[in-house]
Each structure stands twice: as C-alpha cells, then as structure tokens.
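Undergrad:
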Amino acid sequence: MKQFTIDPNDALPATRDLPRGATVPESLPDAKETKIRPSAAGGAGGENARLLFVGTATVVLDHFDEHVEASLRRDLPIITTPHAKSHLASASKDPSDAFTAVTDLDFFDDCLVNIAGKDAAIRVTGMPGKHVPPGPGGVAGMVNDLLGTVPPTNGWMLELGRMIPPSSSPPNFHPSYRIYISGDTLLIPELADIPSRYPNIDLMLVHLGGTTIPSPHVPLLMVTMDARQGVELVRLIGPEVTIPVHFDLLRSDLRMPVGLNGLLTNTIACSDYDVFLSPLSDFKTAMQEAGFGDKVVYLDRGDVYGFRVGE
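Count along the sequence shown from 1, add 1322, and you get the number used in the working numbering.
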C-alpha cells in the first residue's frame, strides 16, 4: 500500500503565488446552515465531523485547469489518476516546475494518508469510472481510446479511521466512516464491483448534471450521470446518505480541455449552464418516486453536512 504523512502543525498555503501579507484561514468558514442525516433520531447531536459544500462543481477541486496548475505549490501532496500524474510530474516539463509529490491510484489501488503524531488516518482508494460509454458495438469508446479526446476519469473511496495499534507495520488500518465519491462517470458495469467490496457505505457524493459535450442543444456525448442514472447508482451502492453535486457551476464560464492522442492541445469556452442536460429537480423527483427521499441531503453553497465518525 502506498502511503505518506501530512503534518497539521506544519501547514503551508496550497498556492505558491499568495500575495505578500496575505494570510490563510486556519479554519473553515461558519456554515450558512448545518444539515444532518434525515433519519437521525432526536435531531443533531454527537456529530464530530463536517463536510463544507463549497459549490456544486467546485472548480478548485474538480476542474484542474491551467490557472489552478500554475498557482499550486509544486511539493503539494496530490492524489490522482495515473494519466494525470503522467502530465503533472512529466519529465518533459521544466524540472523546476514539475509536481514532486504526486501519488497515482488506478482502480482499486489504495493509499494511506497518515496524520503526524496521531493514530487517525485516511485511506484513499481509486474507484472505477468512465466518461465515454461503450455504446453500440463499443464505437464511442473505441474512437475515444484511439484519439484520447476525453481523458480517463475515476471515482474515490475515502475511509476515515485509525491505525490500531498506532504506527503498525504493515499498516493495520481500521475504517470508521466511508465516503464514496462517484466522480464524473456514467453508470457503467464496472461500478457493480463497488458494493461487493464495500457493503457498508455511509455517504455517497454523486456527480450529476447529465453533462454533455459540446452542449445539451447538440448532445453529441453525455459524460456524467443524469437523474435516472443517479438514482440507479443509489440503488446499486446503497449508501446511508446521498448528497448530489455537479449539477451547476459557480463560475459564469468554463474552459473545457480538448485533446488528441492523449495530449492537451487546447481548451474551449462554454457556458456553465449550457453543458448540463439534467437539472437537480429531475433527481429530486426521481429519488422521491424511488422511495429514497429520506436518504438524501441537499446542500446549498455554504451549507455543512454534519456526521459522526466512530472511534
């Protein structure tokens, strides 16, 4: 198992271009509203962890564009896909500008993130994902494999837990809370492997929107799940709670990567609201009709989801 250690007492800004005199907040902002698991008996109480909802398709986290790449510290720990690592840490870059702490995880590869001085740890595992469906005869997938137009994608399993005993070798990690992040994938057969490996998932963040390339007005290709596929994923995974994300964007425009043979050749600008075919209202209706209305939490920007991680 791959692993590395982070030290909260040695925190540095994530960016290398922080203006002189600027400071980095030491804590997350106050919640606009705090929500908990709908079926939690007796209401709030006992929550010891929280998830801050920055935005429905957080540009900083989800869309690693050229502006983000230029800004980040080169020794910032990054967990990503093998394809992304080949670009971020590429020897073809200026050696002084390559990222130096990139951990790549393929499907079901895992990495342990240790917390210095504590027995708490996070295990991160790559989950299956695919932007391009096989389609009739696998034509769409084969064309994309050949041209490399849409880069590979995946999801993530985050397990919050502890090392028992601390600093054990080999790592003896005991998970207490599982968060499955679907990533920008479609509902593909490979996702059926997830519930067999992880029968108990506490929280699922499902990427929705029915994102289309180039736009829903000319729906050449849908690359993220729509409402119907999202509900089917809930049925397949069976999480205790689902939170939908990626159904609109914070910015007024987005630059989407365009590549050929796996190389980023250019970007194209498109309106955020021009790429989403399936609105959140469709998912809300479908979840209610499927009987999952009491197992979903909807967050607005600035809201917090509070939950409890067991000892």
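For glycine and all other residues, C-beta sits at the position ideal for the given N, C-alpha and C.
Mind checking which residues open and close the alpha helix (DSSP H) that includes residue 1549?
TA: As a working note, residue 1549 is residue 227 in the sequence shown. First-last of the alpha helix (DSSP H) with residue 1549: 1549-1559.
Undergrad: Sorted by chain position, which residues of the same chain lie with C-beta nearer than 6 Å to residue 1632's C-beta, five sequence neighbours on each side aside?
TA: One-based indexing of the sequence shown puts residue 1632 at position 310. Hits under 6 Å: 1498.
Undergrad: Please check the pair residue 1500 and residue 1524, which I expect to be a contact at CB under 8 Å, by giving their CB distance rounded to whole angstroms.
TA: Your numbering for residue 1500 matches position 178 in the sequence shown. Your numbering for residue 1524 matches position 202 in the sequence shown. 5 Å between Cβ atoms; contact.
Undergrad: Taking the alpha helix (DSSP H) that residue 1479 falls in, what are its first and last residues?
TA: Residue numbering aside, residue 1479 sits at position 157 when the sequence shown is read from its first letter. From DSSP, residue 1479 is part of no alpha helix (DSSP H) but of the beta strand (DSSP E) over 1477-1485.
Undergrad: For residue 1395, I'd like the list of residues in its chain whose CB is within less than 8 Å of its CB, leaving aside the five on either flank, ordered along the chain.
TA: Against the sequence shown, residue 1395 aligns to sequence position 73. Cβ within range, chain order: 1334, 1335, 1336, 1337 and 1338.
Undergrad: From the DSSP output, read off the bridge partner residues of residue 1528.
TA: Along the sequence shown, one-based indexing puts residue 1528 at 206. DSSP, once it has assigned bridges, lists 1566 as partnering residue 1528.
Undergrad: Throw me the rounded Cβ distance for the residue 1521 and residue 1569 pair, which I believe falls under 8 Å.
TA: The sequence position of residue 1521 within the sequence shown is 199, counting from 1. The sequence position of residue 1569 within the sequence shown is 247, counting from 1. In fact, because the Cβ distance is near 28 Å, the residues do not count as touching under 8 Å.
Undergrad: Apart from the five residues on each side of it in sequence, which residues of its chain come closer than 7 Å, Cβ to Cβ, to residue 1493?
TA: Here residue 1493 is taken as the residue at index 171 of the sequence shown, counted from 1. Result list for residue 1493: 1323, 1325, 1434 and 1485, in chain order.
Undergrad: What is the DSSP secondary structure of residue 1612, reduced to helix, strand or coil?
TA: For the purposes of this step, residue 1612 is taken as residue 290 along the sequence shown, with counting starting at 1. The three-state reading of DSSP puts residue 1612 in coil, since its state is none of H, G, I, E or B.
Undergrad: Considering only DSSP beta bridges, list what residue 1372 is partnered with.
TA: Residue 1372 sits at position 50 when you count from the first residue of the sequence shown. Residue 1372 is bridged to 1628.
Undergrad: Does the count of Cβ pairs from the stretch 1341-1349 and the stretch 1399-1406 closer than 8 Å reach three?
TA: Put simply, the stretch 1341-1349 does not touch the stretch 1399-1406. Fewer than three CB pairs are less than 8 Å apart.
Undergrad: Here's a check: name, in chain order, each residue in its chain whose Cβ is nearer than 8 Å to the Cβ of residue 1410, leaving out the five neighbours to either side.
TA: For this step, residue 1410 is matched to residue 88 along the sequence shown. Here the set comprises 1391, 1400, 1402, 1420, 1421 and 1424.
Undergrad: Output needed for residue 1412: all residues of its chain with C-beta closer than 7 Å, excluding positions within five of it in sequence on either side, in chain order.
TA: Translated into the one-based positions of the sequence shown, residue 1412 becomes position 90. The answer, listed in chain order, is 1420.
Undergrad: Would you call the CB atoms of residue 1285 and residue 1483 closer than 8 Å?
TA: In the structure as shown, the chain begins at 1323 and stops at 1633. Residue 1285 is therefore absent and cannot be evaluated.
Undergrad: Just to confirm the assignment, what range does the beta strand (DSSP E) spanning residue 1498 have?
TA: As a working mapping, residue 1498 is identified with position 176 in the sequence shown. Unbroken beta strand (DSSP E) run through residue 1498: 1495-1503.
Undergrad: According to DSSP, simplified to helix, strand and coil, what is residue 1390?
TA: As a position in the sequence shown, residue 1390 is number 68, starting the count at 1. If DSSP states are grouped into helix, strand and coil, residue 1390 belongs with the helices.
Undergrad: Taking all protein chains shown into account, do 16 or more other C-beta atoms lie within 10 angstroms of the C-beta of residue 1440, making it buried, or fewer, making it exposed?
TA: Taking the first residue of the sequence shown as 1, we reach residue 1440 at position 118. Classification for residue 1440: exposed.
Undergrad: What did DSSP end up calling residue 1324 once you bin it into helix, strand or coil?
TA: Within the sequence shown, the letter at position 2 stands for residue 1324. Strand at residue 1324.
Undergrad: Let me know the secondary structure DSSP gives residue 1546 once reduced to three states.
TA: Stepping through the sequence shown from its first residue, residue 1546 is reached at position 224. DSSP places residue 1546 in coil when its eight states are reduced to three.
Undergrad: To the nearest angstrom, how far is it from the Cα of residue 1379 to the Cα of residue 1505?
TA: If you number the sequence shown from 1, residue 1379 lands on position 57. If you number the sequence shown from 1, residue 1505 lands on position 183. The predicted model places residue 1379 with a pLDDT of 47, which falls under 50 and marks its position as unreliable; any figure quoted below should be read in that light. C-alpha separation (whole angstroms): 11 Å.
Undergrad: Report all residues from its chain with a CB closer than 7 Å to the CB of residue 1373; omit the five preceding and five following residues, and keep chain order.
TA: Taking the first residue of the sequence shown as position 1, residue 1373 is located at position 51. The residues are 1626 and 1627.
Undergrad: Quick one: is residue 1370 buried, meaning 16 or more other Cβ sit within 10 Å of its Cβ, or exposed?
TA: The residue labelled residue 1370 in the question sits at position 48 within the sequence shown. Counting other Cβ atoms within 10 Å of its Cβ, residue 1370 stays below 16 and is therefore classed as exposed.
Undergrad: Can you grab the Cα-Cα spacing for the pair residue 1340 / residue 1624, in whole Å?
TA: The sequence position of residue 1340 within the sequence shown is 18, counting from 1. The sequence position of residue 1624 within the sequence shown is 302, counting from 1. A direct Cα-Cα distance of roughly 23 Å separates residue 1340 from residue 1624.
Undergrad: Nearest to residue 1437 by alpha carbon, out of 1555, 1416 and 1332?
TA: Here residue 1437 is taken as the residue at index 115 of the sequence shown, counted from 1. It is 1332 whose Cα lies nearest to the Cα of residue 1437.
Undergrad: In whole angstroms, what is the alpha-carbon distance linking residue 1563 and residue 1342?
TA: Mapped onto the sequence shown, residue 1563 falls at position 241. Mapped onto the sequence shown, residue 1342 falls at position 20. Their backbone Cα atoms lie some 42 Å apart in a straight line.
Undergrad: May I have the straight-line CA-CA distance separating residue 1610 from residue 1566, to the nearest angstrom?
TA: On the sequence shown, residue 1610 is found 288 positions in, with the first residue counted as 1. On the sequence shown, residue 1566 is found 244 positions in, with the first residue counted as 1. Note on geometry: alpha-carbon atoms of residue 1610 and residue 1566 lie some 14 Å from one another.
Undergrad: Compute the Euclidean distance between the alpha carbons of residue 1544 and residue 1508, then round it to the nearest angstrom.
TA: For the purposes of this step, residue 1544 is identified with residue 222 of the sequence shown, where counting begins at 1. For the purposes of this step, residue 1508 is identified with residue 186 of the sequence shown, where counting begins at 1. Distance between the alpha carbons of residue 1544 and residue 1508 is about 8 Å.
Undergrad: Given a threshold of 16 other Cβ atoms within 10 Å of its Cβ, counted over all protein chains shown, does residue 1481 qualify as buried or as exposed?
TA: Taking the sequence shown and counting its residues from 1, one reaches residue 1481 at position 159. Result: buried.
Undergrad: In three-state terms, what does DSSP make of residue 1634?
TA: Here the chain has residues from 1323 to 1633 only, and residue 1634 is not among them.
Undergrad: On the CB-based measure, 16 or more other CB atoms within 10 Å of its CB, does residue 1612 come out buried or exposed?
TA: Mapped onto the sequence shown, residue 1612 falls at position 290. By the neighbour-count rule (16 or more Cβ atoms within 10 Å), residue 1612 is not buried but exposed.
Undergrad: Of all the alpha helix (DSSP H) runs that stay within the bounds of the stretch 1429-1460, which reach a length of 4 or more residues?
TA: none
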